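Chemist: First the structure, then my questions, so here it is.
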Amino acid sequence: MRKSSRTRTSLLIAAVVAVVAPLGIIAAHDENATGIYKTRHDAYHKLGDAFKTIRDQVKSGSPDLAAIRSAADVVNETSVNQFNWFPAGSGPAPGVKTRAKAEIWSRPQDFEAAQKLFADQAKKFHTVVAGNDVAAISAQFAELGKSCKNCHETFRTKED
Amino acid sequence: MAGWKGGKSQEIVLLPDHRPISTLSPSFHPSAFPSFPMPSVQIWDMPVRLVHWLMVALVGISWWTAEIGELQYHRYSGYTLLGLLVFRVYWGFAGSSTARFASFVKGPRAVLAYLRQLPERVADHSPAAPGHNPLGALSVMALLVLLITQVALGLFAVDVDGIESGPLSHLVSFDTGRACAELHEDVFNVLLTFIALHVAAVLFYLLYKRDNLIAAMVHGRRKIRDEAAAPHVRISLVRLAIGVALAAAAAWWIANRG
């Protein structure tokens, strides 16, 4: 390697590092939620993890049914516990980072209906995954996903 | 003399008695006089220009589809961008002279020298910089690196619900996929900053230096004072075909993972 091209290469590397390094710092932060905010945030995070597991397995040609079943347990458990995660006073407030919208408390019946739809679909999914019918699992997983979206559309703020 | 126009062929300028003007002085050539129209020569090959404008369109489409939550179209846009990036990097080694990284990426001395003459309020028609100037080269490389980083992060990104995800996200954990998604957003903001800088620089050339780089990126030609020093913008169709095949294969392979 000639000297000039070596200088050029190291300059390029320096440029890449200069651009990418600060991003690591930006990404490292996480919200410091406490109390019920933290409880439900962590639980929904676990739910997202479970959803990814199911999605990856359904997408793959030969799904690992055991992995889907244990993820379905998490989904089912979350769908039962979620009814306790939105007590009055746990909505958006100054200094709190939450995507829960005030509509949750201003339209309690609608919110409960949305929660119930998710719980019902989660239960059905839990039943379907006990069997070995991958097509049925896949179809019910789509229904389950719709029940998530249904609630998020009205009661969760868009990501900024 | 009125008959002389800038052009690729050397036209013979005739005197009123129909003798060629060169008979007055054998060394005469119109380009020796700055007031003469300068010949317009090709500096960008077709693939460079096409890829440039397709990238502009696809960055816009990717932005818009992400904003409105159309993630399937967002992924298609990303796969196409991936193909274009594969092609552009390949073309940086196999393309025409001005498309090649080796021809325009310069060391710090050249960048500093270029910076010193930047305030001069004239369009640079000197043959030393027929394509990217040394400063513009840094901008090109920054944008390419950012776009590659951005597309690569998107491949592994997972949304907060674990539902929408990039085509290779099954290879990483939920937390890693989430980190990729956060970085995907941060890198986009950095990318926007560099795009703004790029556009500002091009406008600076247009308005301050009276040098229309935008038109040059559209039709590929630029006025060069000394036609003999013009770059040889030749492309090999075989190499072009290989590049297109590589790009298509990369985009196709990724699309079938998603």
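Respectively, the protein sequence lines represent chains L and R.
Our numbering numbers the first residue of the first sequence as 1 and each following residue consecutively.
Our numbering numbers the first residue of the second sequence as 161 and each following residue consecutively.
Glycine included, each C-beta is placed from N, C-alpha and C at the ideal position.
From a predicted model like this one, the values you see are computed outputs, not experimental measurements.
1. Closer than 7 angstroms by beta-carbon distance: list the chain R residues that pair up with arginine 8 of chain L, in chain order.
2. In this structure, does DSSP put valine 216 of chain R in helix, strand or coil?
3. Using 10 angstroms around the beta-carbon of glycine 61 of chain L, count the other beta-carbons present and answer buried if the total reaches 16, otherwise exposed.
4. Identify the continuous alpha helix (DSSP H) that holds arginine 269 of chain R and give its terminal residues.
5. Note down, in chain order, each residue of its chain lying with its Cβ closer than 7 angstroms to the Cβ of histidine 212 of chain R, except the 5 sequence neighbours on either side.
6. Please report the Cβ distance between asparagine 163 of chain L and histidine 126 of chain L, rounded to the nearest whole angstrom; I am assuming they are in contact, meaning their Cβ atoms lie under 8 angstroms.
7. Per DSSP, which one or two residues make a beta bridge with valine 318 of chain R?
8. I want to know whether the region 255–270 of chain R touches the region 197–209 of chain R - three or more CB-CB distances under 8 angstroms.
9. Among L/Gln121, L/Val134, L/Phe86 and L/Pro94, which residue has its Cα nearest to the Cα of phenylalanine 111 of chain L?
10. Residues in the same chain with beta-carbon distance under 6 angstroms from leucine 241 of chain R, minus the five sequence neighbours each way, listed in chain order, please.
11. So which residues on chain R does valine 16 of chain L lean against when the C-beta distance must stay under 7 angstroms?
12. DSSP three-state label for glycine 167 of chain R, please.
13. If you follow the beta strand (DSSP E) that glutamine 202 of chain R is part of, which residue opens it and which one closes it?
14. At a CB distance below 9 angstroms, what residues from the region 358–371 of chain R approach chain L? Give them in sequence order.
15. Counting only beta-carbon separations shorter than 8 angstroms, does histidine 330 of chain R have a partner in chain L?
16. Would you tell me roughly how many angstroms separate the C-alpha atoms of proline 108 of chain L and glycine 91 of chain L, rounded to the nearest one?
17. Quick one: is phenylalanine 51 of chain L near chain A, going by C-beta distance under 8 angstroms?
18. Around the Cβ of lysine 149 of chain L, are there at least 16 other Cβ atoms within 10 angstroms (buried) or fewer (exposed)?
19. Check arginine 40 of chain L in the structure and name its three-state DSSP category.
20. Suppose contacts are defined by Cβ-Cβ distances below 8 angstroms. Is histidine 344 of chain R in contact with glycine 380 of chain R by that definition?
21. Relative to the alpha-carbon of valine 96 of chain L, which residue among L/Ala119, L/Val128 and L/Ile36 has its alpha-carbon at the smallest distance?
22. Taking the runs of the alpha helix (DSSP H) that are 4 residues or longer, which of them lie wholly in the region 85–115 of chain L?
23. Roughly how many whole angstroms lie between the Cα atoms of arginine 8 of chain L and isoleucine 384 of chain R?
24. Could you spell out the range, first to last residue, of the beta strand (DSSP E) harbouring lysine 383 of chain R?
25. Using 8 angstroms for Cβ pairs, my map puts glutamine 140 of chain L next to glutamine 115 of chain L. What's the rounded Cβ distance?
26. Between the alpha carbons of alanine 270 of chain R and tyrosine 44 of chain L, how many angstroms are there, rounded?
27. Are there three or more Cβ pairs, one per stretch, closer than 8 angstroms when the region 291–304 of chain R is compared with the region 224–240 of chain R?
28. Is any beta-carbon of chain R found at less than 8 angstroms from that of glycine 145 of chain L?
29. Is it right to say glycine 337 of chain R is buried, meaning 16 or more other beta carbons lie within 10 angstroms of its own, or is it exposed?
30. Start and end of the alpha helix (DSSP H) containing serine 60 of chain L?
31. I'd like to confirm the pairing. Which residues does DSSP put opposite arginine 399 of chain R in its beta bridges?
32. When every heavy atom of the ligand NAP is checked, does at least one fall within less than 7 angstroms of the C-beta of alanine 67 of chain L?
33. So what does lysine 156 of chain L bridge to, in DSSP terms?
34. Is lysine 146 of chain L helix, strand or coil by DSSP?
35. Residues of chain L with a CB under 7 angstroms from the CB of phenylalanine 334 of chain R: which are they?
36. Name the residues in the region 208–241 of chain R whose C-beta lies less than 9 angstroms from a C-beta of chain L; which are they?
Modeler: Let me lay it out:
1. Your numbering for residue 8 of chain L matches position 8 in the first sequence. The contacting residues are Val265 and Gly267.
2. For the purposes of this step, residue 216 of chain R is taken as residue 56 along the second sequence, with counting starting at 1. If DSSP states are grouped into helix, strand and coil, valine 216 of chain R belongs with the helices.
3. As a working note, residue 61 of chain L is residue 61 in the first sequence. The residue is exposed, with fewer than 16 neighbouring Cβ atoms inside 10 Å.
4. For the purposes of this step, residue 269 of chain R is taken as the residue at position 109 of the second sequence. 268–276 is the span of the alpha helix (DSSP H), which, as asked, contains arginine 269 of chain R.
5. If you number the second sequence from 1, residue 212 of chain R lands on position 52. Closer than 7 angstroms at Cβ, skipping near neighbours: Met377.
6. Given a span of 1 to 160 for chain L in the structure shown, any question on residue 163 of chain L remains unanswerable.
7. Here residue 318 of chain R refers to the residue found at position 158 when the second sequence is read from its first residue. The partner list for valine 318 of chain R (beta bridge, DSSP) reads R/Ser325.
8. yes
9. For the purposes of this step, residue 111 of chain L is identified with residue 111 of the first sequence, where counting begins at 1. Cα-wise, what sits closest to phenylalanine 111 of chain L is L/Phe86.
10. Along the second sequence, read from residue 1 onward, the residue named residue 241 of chain R stands at position 81. Here the set comprises Leu218 and Val311.
11. Against the first sequence, residue 16 of chain L aligns to sequence position 16. Neighbours of valine 16 of chain L on chain R, chain order: Val305.
12. Within the second sequence, the letter at position 7 stands for residue 167 of chain R. Because glycine 167 of chain R carries a pLDDT of 43, less than 50, the predicted location of this residue cannot be relied on, and the following value inherits that uncertainty. Of the three classes helix, strand and coil, the one that applies to glycine 167 of chain R here is coil, per DSSP.
13. On the second sequence, position 42 is the one that residue 202 of chain R refers to. From DSSP, the beta strand (DSSP E) with glutamine 202 of chain R extends over 200–202.
14. none
15. For the purposes of this step, residue 330 of chain R is taken as the residue at position 170 of the second sequence. Chain L contact via Cβ: present.
16. The count along the first sequence starts at 1 and reaches residue 108 of chain L at position 108. The count along the first sequence starts at 1 and reaches residue 91 of chain L at position 91. Cα-Cα distance, rounded: 13 angstroms.
17. Of the chains in the structure shown, none is chain A; the protein chains are L and R.
18. The sequence position of residue 149 of chain L within the first sequence is 149, counting from 1. Lysine 149 of chain L should be labelled exposed.
19. For this step, residue 40 of chain L is matched to residue 40 along the first sequence. Three-state DSSP puts arginine 40 of chain L in a helix.
20. As a first step, residue 344 of chain R must be located in the second sequence, where it is residue number 184. As a first step, residue 380 of chain R must be located in the second sequence, where it is residue number 220. No; because the gap between Cβ atoms is not below 8 angstroms, this pair is not in contact.
21. Here residue 96 of chain L is taken as the residue at index 96 of the first sequence, counted from 1. The shortest C-alpha separation from valine 96 of chain L is found at L/Ile36.
22. 103–106
23. What you label residue 8 of chain L is simply residue 8 of the first sequence in a count that begins at 1. What you label residue 384 of chain R is simply residue 224 of the second sequence in a count that begins at 1. Approximately 28 angstroms between the Cα atoms of the pair.
24. For the purposes of this step, residue 383 of chain R is identified with residue 223 of the second sequence, where counting begins at 1. 381–383 is the span of the beta strand (DSSP E), which, as asked, contains lysine 383 of chain R.
25. Reading the first sequence from its first residue, position 140 is the one you call residue 140 of chain L. Reading the first sequence from its first residue, position 115 is the one you call residue 115 of chain L. Going by Cβ atoms, the distance from glutamine 140 of chain L to glutamine 115 of chain L rounds to 18 angstroms, so no, they are not a contact pair.
26. If you number the second sequence from 1, residue 270 of chain R lands on position 110. If you number the first sequence from 1, residue 44 of chain L lands on position 44. Between alanine 270 of chain R and tyrosine 44 of chain L, the C-alpha separation is close to 54 angstroms.
27. no
28. By 1-based counting over the first sequence, the position of residue 145 of chain L is 145. For glycine 145 of chain L, the answer is yes, since a Cβ of chain R falls inside 8 angstroms of its Cβ.
29. Here residue 337 of chain R refers to the residue found at position 177 of the second sequence. Answer is buried; the Cβ neighbour count reaches 16.
30. As a first step, residue 60 of chain L is located in the first sequence; it is residue number 60 there, counting from the start. Serine 60 of chain L -> no alpha helix (DSSP H), and no H or E assigned at all.
31. Taking the first residue of the second sequence as position 1, residue 399 of chain R is located at position 239. Per DSSP, none; premise fails for arginine 399 of chain R.
32. The ligand NAP is not part of this structure, which contains no ligands at all.
33. On the first sequence, position 156 is the one that residue 156 of chain L refers to. The sequence given here has arginine at residue 156 of chain L, not lysine. Looking at the DSSP assignment, arginine 156 of chain L forms a beta bridge with L/Ala100.
34. As a first step, residue 146 of chain L must be located in the first sequence, where it is residue number 146. Reduced to three states, the DSSP call for lysine 146 of chain L is helix.
35. Numbered from 1 along the second sequence, position 174 holds the residue referred to as residue 334 of chain R. The contacting residues are Gly48, Asp49 and Lys52.
36. Gly229
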